[in-house]
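J.:
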Amino acid sequence: MQDKPPISSTWQTPSNLAIVKYWGKKGIQEPVNPSISFSLSEATTTTRISASPNKRGGFSFRLEGKKAPEFHSKIEKFFDLVRSRLPIINHYHLDIASSNTFPHSSGIASSASAMSALAFCLADLQRQANDKYHYDITDVSSMARLGSGSAARSVYGGWNLWGRLPEIPESSEYYAVPAPTQIAPVFRSIHDDILIVSSSAKPVSSTSGHGLMEEHPYREGRIAQANENTIKLIKHLKTGNLEGFIEICESEALSLHGLMMSSTPSYTLLRPASLTLINEIRHYREKTGIPVSFTMDAGPNVHLLYPDEFAEEVLIWEKEQLQPLCEKERIIRDRIGTGPKKVIETN
Ligand code: DP6
Numbered sequence: 001m002q003d004k005p006p007i008s009s010t011w012q013t014p015s016n017l018a019i020v021k022y023w024g025k026k027g028i029q030e031p032v033n034p035s036i037s038f039s040l041s042e043a044t045t046t047t048r049i050s051a052s053p054n055k056r057g058g059f060s061f062r063l064e065g066k067k068a069p070e071f072h073s074k075i076e077k078f079f080d081l082v083r084s085r086l087p088i089i090n091h092y093h094l095d096i097a098s099s100n101t102f103p104h105s106s107g108i109a110s111s112a113s114a115m116s117a118l119a120f121c122l123a124d125l126q127r128q129a130n131d132k133y134h135y136d137i138t139d140v141s142s143m144a145r146l147g148s149g150s151a152a153r154s155v156y157g158g159w160n161l162w163g164r165l166p167e168i169p170e171s172s173e174y175y176a177v178p179a180p181t182q183i184a185p186v187f188r189s190i191h192d193d194i195l196i197v198s199s200s201a202k203p204v205s206s207t208s209g210h211g212l213m214e215e216h217p218y219r220e221g222r223i224a225q226a227n228e229n230t231i232k233l234i235k236h237l238k239t240g241n242l243e244g245f246i247e248i249c250e251s252e253a254l255s256l257h258g259l260m261m262s263s264t265p266s267y268t269l270l271r272p273a274s275l276t277l278i279n280e281i282r283h284y285r286e287k288t289g290i291p292v293s294f295t296m297d298a299g300p301n302v303h304l305l306y307p308d309e310f311a312e313e314v315l316i317w318e319k320e321q322l323q324p325l326c327e328k329e330r331i332i333r334d335r336i337g338t339g340p341k342k343v344i345e346t347n
């Protein structure tokens with residue numbers, strides 16, 4: 001092992017936005033319900049790992065060029081879950097350098113892109129270290145999932161499904177799969193403008209929120225709702241049914257926040273501006289017939305969604321009516337993307 005040369009791998013992977021939300025876990029990072037998301041184009045993480053043979057393993061981690069010890073325990077936990085599949089973790093010292101295209105405090109969860117980038121680099125390094133090792137994309141997804149559930153869906157571009165549904169034989173709790181349908185053109189160009197309400201750290205993390213679903217009084221109802229919404233959403237994605245899409249998208253966002261409000265202990269991450277934005281979006285849709293809709297993750301920021309063909313008029317309204325309601329007038333404009341890329345190292 002000592003004679004082996006150092007090796008390296010660099011990957012750029014996207015964050016993703018869930019329309020049907022993963023909320024609640026079982027087993028080892030398995031979701032209690034299926035979720036559907038699309039991968040983003042601009043919000044990405046690029047991670048480079050250089051690995052040198054070393055009997056004791058070990059790693060260092062830099063974020064945006066700076067040491068970031070606050071992420072060590074999360075990485076260690078992840079390594080413990082995947083080291084049996086990736087012996088490289090035990091036999092090489094890994095220098096990990098990561099950077100995000102979106103600011104750390106932007107309210108975009110970076111764990112999906114960060115953990116999928118890490119999983120791609122490690123699988124690639126394992127293959128370089130041992131040419132008998134083969135992996136496919138579902139292996140990468142299942143490893144990414146162990147780092148952060150939503151990361152399972154960040155190993156592909158476009159629309160993806162994670163979680164088991166009896167009606168969809170290829171679906172799995174262990175890894176994500178591409179959405180099992182053709183996607184209508186209107187959903188292949190969807191925009192996601194993130195209206196920043198607050199970039200402060202959340203008072204309750206997603207991981208704690210998932211935990212509160214274990215004893216939640218609405219647990220079974222929520223699982224049934226998500227199963228039903230997943231099946232319906234797949235149909236709407238195929239037929240291009242915008243009305244049906246909007247119904248599910250907004251109900252999922254509000255249900256997620258409703259589950260937080262009805263947990264024990266109860267909490268809310270919504271801010272007054274979140275509700276104002278939601279009302280503005282609904283009002284504009286009713287007034288103009290333009291199919292804008294909203295979703296939210298586990299935070300106060302509001303994601304404004306719309307098909308590309310309406311971008312021009314939506315942007316005018318957004319600047320006038322929505323931007324002044326945002327923290328420091330911040331909006332991060334993104335859209336559906338094509339997925340992870342291996343970065344070819346030139347030197
Ligand atoms: C509301 O994937 O961040 O964004 O598995 O504990 O890392 P962990 O949680 P995480 O949860 C994401 C929750 C969500 C919905 C979703 O992305 O499906």
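In terms of the numbering used here, the sequence shown has 328 at position 328, counting the first letter as 1, and numbering is strictly consecutive. Every residue gets a Cβ at the ideal spot worked out from N, C-alpha and C, and that includes glycine. For clarity, every value in this text was computed on a predicted model and none was experimentally measured.
Is any heavy atom in ligand 1 found nearer than 6 Å to the beta carbon of GLY211?
T.: Position 211 of the sequence shown, counted from the start, is the residue given in the question as residue 211. GLY211 Cβ: outside cutoff for every heavy atom of ligand 1.
J.: To which residues does DSSP link TYR92 through a beta bridge?
T.: The sequence position of residue 92 within the sequence shown is 92, counting from 1. According to DSSP, TYR92 bridges with PRO53.
J.: With respect to the alpha helix (DSSP H) encompassing SER210, which residues constitute its N-terminal and C-terminal limits?
T.: By 1-based counting over the sequence shown, the position of residue 210 is 210. As written in the sequence, residue 210 is His, which differs from the Ser given in the question. Per DSSP, HIS210 belongs to the alpha helix (DSSP H) from 206-211.
J.: Going by beta-carbon coordinates alone, are VAL197 and ARG271 separated by less than 7 Å?
T.: The residue given as residue 197 occupies position 197 in the sequence shown. The residue given as residue 271 occupies position 271 in the sequence shown. Yes, these two residues count as a Cβ contact at 7 Å.
J.: Using only the alpha-carbon positions, how far apart do PRO324 and GLU243 sit?
T.: Within the sequence shown, numbered from 1, the residue matching residue 324 stands at position 324. Within the sequence shown, numbered from 1, the residue matching residue 243 stands at position 243. In a straight line, the C-alpha of PRO324 is about 28 Å away from that of GLU243.
J.: Measuring CB to CB, does ILE108 end up less than 7 Å from SER39?
T.: Within the sequence shown, residue 108 is the residue found at index 108, counting from 1. Within the sequence shown, residue 39 is the residue found at index 39, counting from 1. Not in contact: ILE108 and SER39 (Cβ atoms no closer than 7 Å).
J.: Comparing alpha-carbon positions, which option in HIS91, ILE194, ALA298 and SER141 lies nearest SER254?
T.: Within the sequence shown, the letter at position 254 stands for residue 254. Position check: residue 254 holds Leu in this sequence, whereas Ser was assumed. For LEU254, the nearest C-alpha among the options comes from ALA298.
J.: Name, in chain order, the residues that DSSP records as bridge partners for HIS236.
T.: Taking the sequence shown and counting its residues from 1, the one referred to as residue 236 is at position 236. DSSP, once it has assigned bridges, lists no residue as partnering HIS236.
J.: Is SER110 near THR46, with beta carbons less than 7 Å apart?
T.: Here residue 110 refers to the residue found at position 110 when the sequence shown is read from its first residue. Here residue 46 refers to the residue found at position 46 when the sequence shown is read from its first residue. In this structure, THR46 does not lie closer than 7 Å to SER110 by Cβ.
J.: May I have the straight-line CA-CA distance separating GLU167 from LEU233, to the nearest angstrom?
T.: If you number the sequence shown from 1, residue 167 lands on position 167. If you number the sequence shown from 1, residue 233 lands on position 233. The alpha-carbon atoms of GLU167 and LEU233 are separated by roughly 13 Å.
J.: Would LEU304 pass as a contact of LEU237 if the rule is Cβ separation under 7 Å?
T.: For the purposes of this step, residue 304 is taken as residue 304 along the sequence shown, with counting starting at 1. For the purposes of this step, residue 237 is taken as residue 237 along the sequence shown, with counting starting at 1. No, the pair does not count as a contact, with Cβ atoms beyond the cut-off.
J.: Tell whether a beta-carbon distance below 7 Å holds between GLY149 and TYR22.
T.: Here residue 149 is taken as the residue at index 149 of the sequence shown, counted from 1. Here residue 22 is taken as the residue at index 22 of the sequence shown, counted from 1. Contact: yes.
J.: Taking a contact to mean a Cβ-Cβ separation below 7 Å, would you say SER274 touches VAL314 in this structure?
T.: Counting from 1 along the sequence shown, the entry for residue 274 is found at position 274. Counting from 1 along the sequence shown, the entry for residue 314 is found at position 314. No.
J.: Please report the straight-line C-alpha distance between ILE190 and THR338, rounded to a whole angstrom.
T.: The residue labelled residue 190 in the question sits at position 190 within the sequence shown. The residue labelled residue 338 in the question sits at position 338 within the sequence shown. The alpha-carbon atoms of ILE190 and THR338 are separated by roughly 12 Å.
J.: Where LEU277 and PHE78 are concerned, what is the direct C-alpha to C-alpha distance, given to the nearest angstrom?
T.: Residue mapping note: residue 277 aligns to position 277 of the sequence shown, counting from 1. Residue mapping note: residue 78 aligns to position 78 of the sequence shown, counting from 1. Roughly 37 Å between the two C-alpha positions.
J.: Could you check whether GLN126 and LEU394 sit closer than 7 Å to each other, using their CB atoms as the reference points?
T.: Residue 394 cannot be examined here, being either before or after the span of the chain that is shown, 1 to 347.
J.: Would you please state the rounded distance, in angstroms, between the beta carbons of GLY221 and PRO34? I believe it to be under 8 Å.
T.: Position 221 of the sequence shown, counting from 1, holds the residue named residue 221. Position 34 of the sequence shown, counting from 1, holds the residue named residue 34. Not a contact, Cβ separation roughly 15 Å.
J.: Just to confirm the assignment, what range does the beta strand (DSSP E) spanning THR295 have?
T.: Along the sequence shown, one-based indexing puts residue 295 at 295. Element bounds for THR295: 293-295.
J.: Is the beta carbon of TYR175 closer than 7 Å to that of SER154?
T.: On the sequence shown, position 154 is the one that residue 154 refers to. On the sequence shown, position 175 is the one that residue 175 refers to. Against a cut-off of 7 Å, the Cβ pair of TYR175 and SER154 comes out as no contact.
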